[in-house]
Amino acid sequence: MVQTVPADRFTLYDLEQQFGLQQVTDAAFFPEWQTDLPELQDHELQRLERVKLAYANLARRSVLENTVKMAIVSPLLDLAGFFLPPFYVSTEEEVRIVAQDAGLAVHGRIDVLVLKDQLWLLIIESKRAEFSLKVGIPQTLAYMLAKPQPQPLFGMVTNGSNFVFLKLISQDTPRYARSDEFILEQGSDLKVVLQSLKRVAAVMA
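Anchor point for the sequence shown: position 101 equals 96 in the working numbering, and the numbering is continuous, going up by one each time.
If you want it as structure tokens, here you go:
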């Protein structure tokens, strides 16, 4: 009998043991957040400032997941071009994956999924402001493992103020890498987040 476990219960160790996931530390595996980042136009920089102001206002109270999606994630997706063809954005996508020994299944709902035709491109997991990204990273990787495909799959985990990007290649042994952690209130970090999203969009278009 297959035991079903919510995706948010998993740790990185669980994914390594149950699904054979391996972390890659070679920078060449995940250049999309580090090299060839596009320059941003003035109107994009101004929009990012509005996002910062919105978060500062919201952060005075408890910022819930749906609020993070509306105030932070949605403007970033819009600026990166993910609401326009050839992309399509879906929310609350249900996923289920079964471990190698078929004795364990992972179930959950993806907060935001960006597709091109039937190909998954980008999974975004948003957490309430108080949550550490350490909770969302294995959950997002579990969702990414649900769709084995020859092309790379990208992920972004955010609680509104902090952001981490993920990249998974699932051919043969599933391998992943993560970016540095970016902080909304810290220097030009939000600019780099948008540049990275635009770079992913350009690579996958």
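Glycine is no exception: its CB is placed at the ideal position from the N, C-alpha and C atoms.
- Under the three-state reduction of DSSP output, GLY131 falls in the helix class.
- The count of Cβ pairs closer than 8 angstroms, one atom from the segment 120 to 129 and one from the segment 83 to 93, stays below three, leaving the stretches out of contact.
- Under the three-state reduction of DSSP, VAL68 is assigned to helix.
- If the five residues before and after MET151 are omitted, its C-beta is found closer than 6 angstroms to the C-beta atoms of ILE119 and PHE160, all from its own chain and listed in chain order.
- When LEU59, LEU110 and THR62 are compared, the shortest CA-CA separation from PHE78 is found for LEU110.
- Nearest to GLN134 by C-alpha distance, out of LEU7, GLN(-2) and THR(-1), is LEU7.
- A Cβ-Cβ distance of about 5 angstroms is found for the pair LEU43 and LEU185, placing them in contact under the 8 angstroms criterion.
- Inside the segment -4 to 69, DSSP marks whole beta strand (DSSP E) runs of 3 or more residues at positions -2 to 1, from first to last along the chain.
- Judged by their CB atoms, ALA49 and ALA196 are not nearer to each other than the 8 angstroms cut-off.
- In this structure, the CA atom of GLU87 is about 33 angstroms from the CA atom of ASP37.
- Remark: C-beta atoms of TYR138 and ALA2 approach each other more closely than 8 angstroms.
- About 6 angstroms separates the beta carbons of VAL84 and VAL107, which is inside the 8 angstroms limit, making them a contact pair.
- Annotation note: the segment 163 to 196 contains the following uninterrupted beta strand (DSSP E) runs of length 3 or greater, listed N- to C-terminal: 170 to 173.
- Minimum Cα-Cα distance from LEU179 among the listed residues LEU148, VAL68, LEU10 and GLU27 corresponds to VAL68.
- GLY15 sits close to PRO169, with the two beta carbons spaced by under 8 angstroms.
- Nearest C-alpha to LYS142 among GLU11, ASP175 and GLN113: GLN113.
- At the C-beta level, LEU116 and PHE149 come within 8 angstroms of one another.
- In terms of CA proximity to HIS102, LEU140 leads the group PHE126, LEU140, GLN12 and SER174.
- Going by C-alpha positions, GLN18 is about 22 angstroms away from ILE105.
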